[in-house]
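Data first, discussion second: the structure below is written as structure tokens.
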Amino acid sequence: MQKRILVVDDDTMNLKRTKMILEKYYDVLLAESGKEALEMIETEMVDLILLDIAMPQMNGIETFKHIKNSTVKIPVIFLTASGYEEDVRTAINLGAVNYLKKPFFPQDLLKRVAKGLEEQ
Numbered sequence: 000m001q002k003r004i005l006v007v008d009d010d011t012m013n014l015k016r017t018k019m020i021l022e023k024y025y026d027v028l029l030a031e032s033g034k035e036a037l038e039m040i041e042t043e044m045v046d047l048i049l050l051d052i053a054m055p056q057m058n059g060i061e062t063f064k065h066i067k068n069s070t071v072k073i074p075v076i077f078l079t080a081s082g083y084e085e086d087v088r089t090a091i092n093l094g095a096v097n098y099l100k101k102p103f104f105p106q107d108l109l110k111r112v113a114k115g116l117e118e119q
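Taking numbering that gives the first Met the number 0, I'd label the letters of the sequence shown as residues 0 to 119.
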């Protein structure tokens, strides 16, 4: 059975691009907000989450805190267009398994996802 990846990003083009890269190897779910992602993990089996940091209403850090407080333990890799090292440091300190700066090369995304799934 294929591993299931949830991609969370408020940018539709980023969602489509990430799905195109991953769908050859994984079952890919998409969410356009932190709220939608939290609802999905309550009803769907997810093996890994790719989570954008900068999103309106509930950013990736807030969403990750909710995920960490849930009963479901899912590894998270942050995606960030931000050059702010503080965002990345905060994410890693909270327990993210990795991060990837956007825009990313497809092979970098695939390597990080594979590594994140290994660390489950």
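No residue lacks a Cβ here, since even glycine has one placed at the ideal position from N, Cα and C.
| query | With distances taken from CA atoms, which of Met0, Leu5 and Glu31 is nearest Thr11? | reply | Glu31
| query | For Thr79, which of Val45, Ile4 and Asn13 has the nearest alpha-carbon? | reply | Asn13
| For the beta strand (DSSP E) that Phe77 lies in, which residues bound it at each end? | Val75 to Thr79
| query | Start and end of the alpha helix (DSSP H) containing Asn68? | reply | Gly59 to Asn68
| message | Considering only their Cβ atoms, is the gap separating Ile40 from Leu5 smaller than 9 Å? | response | yes
| said: Can you tell me whether Ala113 is buried or exposed? The criterion is at least 16 other CB atoms within 10 Å of its CB, across all chains shown. | reply: exposed
| field | Where Pro74 falls, given that 16 or more other Cβ within 10 Å makes a residue buried | value | buried
| Reduced DSSP secondary structure (H/G/I, E/B, other) of Lys110 | helix
| task | Please look up how many angstroms separate the CB atoms of Ile48 and Leu109, rounded, as I've assumed it's under 8 Å. | result | That belief does not hold up - the Cβ atoms of Ile48 and Leu109 are roughly 16 Å apart, past 8 Å.
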